[in-house]
Amino acid sequence: MSATLIPNLTDRFGRRIEYLRLSVTDRCDLRCSYCMPEGFKDFEEPAHWLTFDEIERLLGAFARLGLKRVRITGGEPLLRRDLPALAARIASLPGIEDLSLSTNATQMDKHATALKAAGVTRLNVSLDSLHAERIEAVTGRDVLHKIMAGLTSAQQAGFAPIKINMVAMRGVNDDEIDAMVAFCMERNFVLRLIEAMPMGDTGRNTQYLDLQPVKARIQARFGLVDTAFQGGGPARYLGSPDGQFSVGFITPISQHFCGTCNRVRLSVDGTLYLCLGQEEKFEFRPLLRGGATDVDLENAICAALELKPERHEFREQPNKIVRFMSATGG
Numbered sequence: 257m258s259a260t261l262i263p264n265l266t267d268r269f270g271r272r273i274e275y276l277r278l279s280v281t282d283r284c285d286l287r288c289s290y291c292m293p294e295g296f297k298d299f300e301e302p303a304h305w306l307t308f309d310e311i312e313r314l315l316g317a318f319a320r321l322g323l324k325r326v327r328i329t330g331g332e333p334l335l336r337r338d339l340p341a342l343a344a345r346i347a348s349l350p351g352i353e354d355l356s357l358s359t360n361a362t363q364m365d366k367h368a369t370a371l372k373a374a375g376v377t378r379l380n381v382s383l384d385s386l387h388a389e390r391i392e393a394v395t396g397r398d399v400l401h402k403i404m405a406g407l408t409s410a411q412q413a414g415f416a417p418i419k420i421n422m423v424a425m426r427g428v429n430d431d432e433i434d435a436m437v438a439f440c441m442e443r444n445f446v447l448r449l450i451e452a453m454p455m456g457d458t459g460r461n462t463q464y465l466d467l468q469p470v471k472a473r474i475q476a477r478f479g480l481v482d483t484a485f486q487g488g489g490p491a492r493y494l495g496s497p498d499g500q501f502s503v504g505f506i507t508p509i510s511q512h513f514c515g516t517c518n519r520v521r522l523s524v525d526g527t528l529y530l531c532l533g534q535e536e537k538f539e540f541r542p543l544l545r546g547g548a549t550d551v552d553l554e555n556a557i558c559a560a561l562e563l564k565p566e567r568h569e570f571r572e573q574p575n576k577i578v579r580f581m582s583a584t585g586g
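In the working numbering, the protein residues as written are 257 to 586.
Here you go:
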C-alpha cells in the first residue's frame with residue numbers, strides 16, 4: 257500500500273485520524289481503582305520501551321501523513337525520566353500543531369515550568385474528589401495535597417486551559433459532582449465528567465454512573481447552555497452564559513462517540529491500539545528496530561489504520577477487554 261493513497265490518515269469508515277495519544281510509561285505512582293489494581297506488577301520491560309529517538313521517528317512519520325495533535329499519557333507520564341526533553345522533540349516536529357499532557361499532577365510542581373518551556377500547551381489532570389480520604393480510597397495514596405500543589409504550579413507556569421478529569425462513580429463520588437463544578441468555576445478550570453469503562457477487572461468493578469441525568473441536572477442548577485467550546489477529544493460541552501466556564505461529558509457507554517473517533521493510542525512498547533474497546537493492534541517496535549525505512553513506517557501506519565474497527569462493544573461485550581487502561585495509555 258502506498259502512503260500517498262491516504263494523505264490524511266483516513267480510516268476505512270471515512271474518519272480522519274489526526275490525534276495520537278502517546279503512552280511513555282505504563283508505571284504509575286497511584287493505584288486508581290478503575291485503572292490499575294493494587295499489587296499489580298506485570299509492567300512492560302524497560303528494554304521494550306520505545307526510546308526517545310524511536311518515538312520521534314515514528315511520530316514524524318505520522319505527522320507527514322497528517323497527524324496534528326499528540327497527547328502524552330501513561331501510566332503517569334511524569335515518571336518517565338527527562339520527559340520535558342521528549343516533549344520538546346515532539347513539539348518541534350513539522351505538522352504537529354498541538355501537544356498536551358494527561359497527568360495525576362502529583363509530580364507537576366517539579367516539572368510545570370520545564371514542560372511549558374518544552375512546548376506542552378494544555379494539561380488534563382485526574383481529580384476524582386475534593387476530599388483527601390476519598391482520594392486515598394480511590395487512588396490508594398494520600399495525595400490530594402500533592403495534586404492541589406501541582407495544579408497551582410501548573411497555573412503559575414501559564415498552562416491554560418487546564419482540564420480536570422473526574423471519573424463519576426455511583427456511590428463513590430457522585431454526591432460531589434456539584435461541588436466539583438463549583439470548584440472548577442472558581443479556579444478557572446474546565447471540568448470533564450467521564451463514565452467508567454469496563455476495561456480489565458478494575459474497570460468492570462467500578463460503579464458505573466450514567467451521565468445523561470447528571471448532565472440535565474447540572475445544566476438546570478448552574479444555568480449552563482450549549483457551547484461552542486471544542487476539545488480535540490470526544491467530550492460534549494455545556495458552558496456558562498458568560499463563556500467563562502465549560503463542563504464536558506465523556507459518555508462512551510450511555511452515548512458513544514465512535515462515529516467521530518479521530519484518535520489512536522500508542523503504548524510504551526510501540527503497540528498501536530486502534531480502539532479502547534477492541535483488540536485490534538499493530539506493533540511498530542519490530543519495524544523500528546529491524547531496519548525499516550521511513551517509507552516502510554508510513555506504509556505500515558496506513559496499513560494499521562485499516563484495522564481500526566467501526567465502534568467499541570462495551571455494552572454488548574463488557575467482559576471482552578482484559579488489558580488494563582494503564583497498559584493501553586490514557
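Using N, Cα and C, we set each Cβ at its ideal position, and we do this for glycine too.
None of these values were measured; they are calculated from a predicted model.
Residues bridged to Val-437 [DSSP beta-bridge criterion]:
In DSSP, Val-437 forms no bridge with anything.
On the three-state DSSP scale, how would you describe Lys-564?
coil
Helix, strand or coil, according to DSSP, for Gly-495 in the structure here?
Three-state result, Gly-495: strand.
Which residues in the same chain as Leu-465 place their Cβ atom closer than 8 Å to its Cβ, once the five residues preceding and following it in sequence are excluded?
Ala-424, Met-425, Arg-426, Asp-430, Glu-451, Ala-452
Proximal residues to Asp-398 (C-beta, below 7 Å), its chain only, five neighbours per side dropped:
Ala-388, Glu-392
For Met-404, the three-state DSSP class (helix, strand or coil):
In this structure, Met-404 counts as helix in the three-state DSSP scheme.
Which of the three DSSP states, helix, strand or coil, is assigned to Phe-478?
helix
Tell me which residues share the same chain as Lys-372 and place their Cβ nearer than 8 Å to its Cβ, disregarding the 5 neighbours each side in the sequence.
If you ignore the 5 residues before and after Lys-372, its C-beta comes within less than 8 Å of the C-beta of Ala-413, Gly-414, Phe-415, all in its own chain and listed in chain order.
Contact the stretch 300–319 vs the stretch 350–366: 3+ CB pairs below 8 Å:
yes
Between Tyr-290 and Arg-325, what straight-line distance do the alpha-carbon atoms span, to the nearest angstrom?
26 Å
For Gly-375, which three-state DSSP category applies?
coil
Secondary structure of Ser-247, DSSP reduced to three states:
As shown, the chain starts at 257 and ends at 586. That puts residue 247 outside it, with no answer to give.
Do you know how far the Cα of Gly-396 is from the Cα of Asp-338?
Approximately 26 Å, taken between the alpha carbons.
Could you give the C-beta distance for Ser-356 and Arg-336, rounded to a whole number, given that I count them as a contact under 8 Å?
About 16 Å separates the two Cβ atoms, so there is no contact after all.
What's the C-alpha gap between Arg-272 and Gly-533?
19 Å
Simplified DSSP assignment, three categories, for Ile-509
coil
DSSP puts Ile-391 in a beta bridge; with which residues?
Answer by DSSP bridge pairing: none, since Ile-391 is not bridged.
Out of Asn-380, Phe-296, Thr-307, Ala-370, state which residue places its alpha-carbon closest to the alpha-carbon of Ile-328.
Out of Asn-380, Phe-296, Thr-307, Ala-370, Asn-380 has the C-alpha closest to the C-alpha of Ile-328.
The stretch 496–504 contacting the stretch 544–559, beta-carbon criterion three pairs below 8 Å
Judged by Cβ distances under 8 Å, the stretch 496–504 makes no contact with the stretch 544–559, as fewer than three pairs qualify.
Answer yes if the stretch 521–531 comes into contact with the stretch 277–295, meaning at least three C-beta pairs across the two stretches below 8 Å, and no otherwise.
As far as the Cβ criterion goes, the stretch 277–295 touches the stretch 521–531, which means the pair count is three or higher.
At what residues does the beta strand (DSSP E) containing Glu-451 begin and finish?
446–451
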